[in-house]
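Colleague: Numbering (my numbering), first residue to last: 8 to 86. We put the beta carbon where it would ideally sit given N, CA and C, even for glycine. Since the model is a prediction, treat every value here as computed from it, not as a measurement.
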Amino acid sequence: MNRWFDGVVTLLYEGPTKVYFVYTSDGKAALFPRVYDRNPGVRVGAYVRVRLIPPPKYGKNKEVQDLNVIDRPVDHEVN
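Written out as structure tokens, the structure is:
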């Protein structure tokens, strides 16, 4: 899984650990503090480019391994 996917941060779960969720063309992925703390600009609604890793043994969501915050894609801009 060394491909990059464009996606959008859609949800913040504020449990014991704040976890964002990113939706991409490859499905939903969890975004943990070890990744988003290194990337300013992560917030709900942000467009991101992510590299994913498979879910842990007992997990159900893929996880974000690397992340870059990007500008809005051209085909999604509003005039």
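Taking the CB atoms as reference points, tell me whether residue 104 and residue 36 lie closer together than 7 Å.
Modeller: This structure does not reach residue 104, given that the chain is present from 8 up to 86, and the question cannot be answered.
Colleague: DSSP on residue 56, reduced to helix/strand/coil?
Modeller: Strand, per DSSP.
Colleague: Using 10 angstroms around the beta-carbon of residue 16, count the other beta-carbons present and answer buried if the total reaches 16, otherwise exposed.
Modeller: Residue 16 is buried by the Cβ-count criterion.
Colleague: I'd like the list of long-range same chain contacts for residue 10, defined as Cβ closer than 6 Å, with 5 residues on each side in sequence excluded.
Modeller: Here the set comprises nothing.
Colleague: To the nearest angstrom, how far is it from the Cα of residue 59 to the Cα of residue 73?
Modeller: If you take the alpha carbons of residue 59 and residue 73, they lie about 7 Å apart.
Colleague: Run the CB neighbour count on residue 14, radius 10 Å, all protein chains shown included, and call it buried at 16 or more, exposed below.
Modeller: By the 10 Å Cβ count, residue 14 comes out buried.
Colleague: Tell me which residue opens and which closes the alpha helix (DSSP H) that residue 43 is part of.
Modeller: Counting along the chain, the alpha helix (DSSP H) containing residue 43 begins and ends at 40 to 43.
Colleague: Within 10 angstroms of the Cβ of residue 12, are there 16 or more other Cβ atoms? Answer buried if so, exposed if not.
Modeller: Residue 12 comes out buried.
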